[in-house]
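Presented below is the structure to which this report refers.
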Amino acid sequence: MHKYWGLALGLAFLVSCKDQKQAGDELSEVVTIKKPVETRQFGFLMNDFEVVQDTIRDGDSFGAIMLRNKIDYPKIAMIAETYKDTFDVRRIVKGKPYVILKSKDSTNATEVFIYQSDPINYTVIDFRGDVVAYNKKQKVKYVTREASGVINSSLSEAILQQGIDYNITNSLSEIYAWSIDFFRLQKGDKFKVIYKEKYINDTIYAGAGSIEAAYFEHNGEPFYAFNYVTDSVRNIREYYDHEAKNLRRAFLRSPVQFSRISSRYNLNRRIAFYGNKVRPHKGTDYAAPIGTPILATANGTVEESTRRGGNGKYVKIKHNGTYSTQYLHMKAQNVKKGQYVKQGDVIGWIGMTGNTSGPHVCYRFWKNGRQVDPLREKLPTADPIADSLKKQYLAHIAPFKNQLDCIEYIEEPSEELLTLNE
Ligand SMILES: [Zn+2]
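As structure tokens, then:
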């Protein structure tokens, strides 16, 4: 009976995704890559020349390469001088590819030199007639790609298994830095992503572009992310969710990167040292080696930077009328009272001052003058999308959200499925 329902639901889902695919064809411009028929490269028809391809070798200089190819010394000196702003001949780098185009006739003269400083940028020196040199960029084609995965051990492994560009791992962890702790992912967490890949001449892969849209399911909780330009003049892009909420939070999840929580906020904590009496712990302890930077979790003004009793050296920051944060047991502070700090600024370093048994920062979170557990608080988001843009934004993301919802997870067939097929 249950299986029957599952099948019915599955079919309904397929139909809606089929519709989406048809509509999406015009929108997403998924391009099939074909080898070009004509061999035009760098703006030249390769068939017209004898083509020499090589890379800059150890000890090579521009002059030496040119002399080897029968370009005389005065011409080399002239290029070095006249075109030094276009092409600094001293800057050629070992290992970079270059192409020499020679005439197919009996003179076999060097006609064009092309130096590729990276997969996209190149310099052309054209020796035919009066020598000219210029810089150009390869035409880059962006191809939209979809990917998905279920996490068994780590995100990076799941990404590698699917043959997805490794940079996507970094991009995802940046997009979700405020909402998901990527060091504490759960087995079974899932992701879907729509991103761009760059191709030169339709064939040469030149890296992953930005993530257009992503979906992450952590502990069964869904997190959508859509890339949106909120300020086209300054090219400011942000990621917002399906309800136009900013993915960034007003507060970082933790004041220390790459740390572990050694003790959580706990009002009923009992400590053997104090005869098992209740000693509430109103902070969250992050253990890290002495000297590890401690970051301001949000913008604000330093209210206190001092040393007092069991707290040791500490900093307290007032963020607004509602929130303040406090960071205890520092080795040293990096800020003074009255100073304005920004989210992520280093305000001090992990130490052991005051009452502590090991190096950690005790992070205390104040809301309306009372200490609360930041890990349980629904913290305010960073600047939401402007009201004037919200309608436009929701219209923009609708096709991306459909596309995301229709991506199927790629995973190995489970044992359950295998026995079902027998
Ligand atoms: Zn503590």
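Here the working numbering is used: the first residue of the sequence shown is 1121, the next is one more, and so on. Each residue gets a CB set at the ideal place from its N, CA and C atoms; glycine is no exception.
Query                                                                                                                                                : Result
The beta strand (DSSP E) with Y1513 in it runs from where to where?                                                                                  : Here Y1513 belongs to no beta strand (DSSP E); instead the alpha helix (DSSP H) covers 1507-1526.
Just to check, is the beta-carbon of G1577 closer than 8 Å to a non-hydrogen atom of ligand 1?                                                       : With the chain running from 1121 to 1542 in the structure shown, residue 1577 is simply not present.
Under 6 Å Cβ to Cβ from N1431, same chain only, skipping five residues before and after it: list those, please.                                      : L1448, G1474
For K1402 versus P1504, is the C-beta distance shorter than 9 Å?                                                                                     : no
Quick check: what's the CA-CA separation for K1224 versus R1265?                                                                                     : 42 Å
So, at 7 Å on beta carbons, what are the nonlocal neighbours of S1444 in its own chain, with the 5 sequence-adjacent residues on each side left out? : E1423, K1436, I1437, K1438, W1486
Below 8 Å on the Cβ atoms is my contact criterion, and I expect D1465 with A1416 to pass it. Report the Cβ-Cβ distance as a whole number of Å.       : 5 Å
So is K1204 buried or exposed if we call it buried at 16+ other beta carbons inside 10 Å?                                                            : exposed
Using only the alpha-carbon positions, how far apart do E1149 and G1163 sit?                                                                         : Low per-residue confidence applies at E1149: pLDDT is 48, beneath 50, and the placement is therefore not dependable, though the value from the model is reported in the following sentence. If I take the Cα positions, the gap works out to 25 Å.
Between R1389 and R1399, how many whole angstroms is the CB-CB distance? I'm expecting something under 8 Å.                                          : 6 Å
Which residue or residues does DSSP assign as beta-bridge partners of W1486?                                                                         : S1444, Q1491
Under 9 Å between the Cβ atoms of Y1348 and K1312?                                                                                                   : no
Expressed to the nearest angstrom, what Euclidean distance is found between the alpha-carbon atoms of Q1161 and N1255?                               : 14 Å
Please classify I1467 as buried or exposed, where buried requires at least 16 other C-beta atoms within 10 Å of its C-beta.                          : buried
Which full runs of the alpha helix (DSSP H) of 4+ residues lie inside the segment 1250-1314, going along the chain?                                  : 1275-1281, 1287-1295
What would DSSP say about T1404, mapped onto helix, strand or coil?                                                                                  : strand
Indicate the three-state DSSP secondary structure (helix, strand or coil) for P1413 in the structure shown.                                          : strand
Between I1288, V1252, S1268, which has its C-alpha nearest E1337's C-alpha?                                                                          : S1268
Could you tell me the alpha carbon to alpha carbon distance between A1200 and F1182, rounded to whole angstroms?                                     : 9 Å
Inspect the beta-carbon positions of I1176 and I1212 and report whether they are closer than 9 Å.                                                    : yes
Name all residues in chain order for which at least one heavy atom of ligand 1 lies closer than 6 Å to the residue's CB.                             : S1383, H1401, G1403, D1405, C1482
With distances taken between CB atoms, is the gap from R1369 to L1499 smaller than 9 Å?                                                              : yes
May I ask you to report which of helix, strand or coil DSSP gives V1209?                                                                             : helix
Give the secondary structure of T1202 by DSSP, where H, G and I count as helix, E and B as strand, and everything else as coil.                      : helix
Terminal residues of the continuous beta strand (DSSP E) containing L1221?                                                                           : 1217-1222
Just curious, the beta strand (DSSP E) that R1427 is in, first and last residue?                                                                     : 1420-1428
D1322 and A1271 - do their beta-carbons sit closer together than 9 Å?                                                                                : According to the sequence as given, residue 1271 is Ile; it is not Ala. For I1271 and D1322, no; Cβs fall outside 9 Å.
So, does the segment 1453-1464 touch the segment 1405-1420, judging by three or more C-beta pairs under 8 Å?                                         : yes
What does DSSP give as the partner residue(s) for G1165 in the beta ladder?                                                                          : For the record, residue 1165 in the displayed sequence is Leu; it is not Gly. DSSP output for L1165 lists R1160 as bridge partner(s).
Return the residue from the list W1469, I1185, E1363 that minimises the CA-CA distance to T1412.                                                     : W1469
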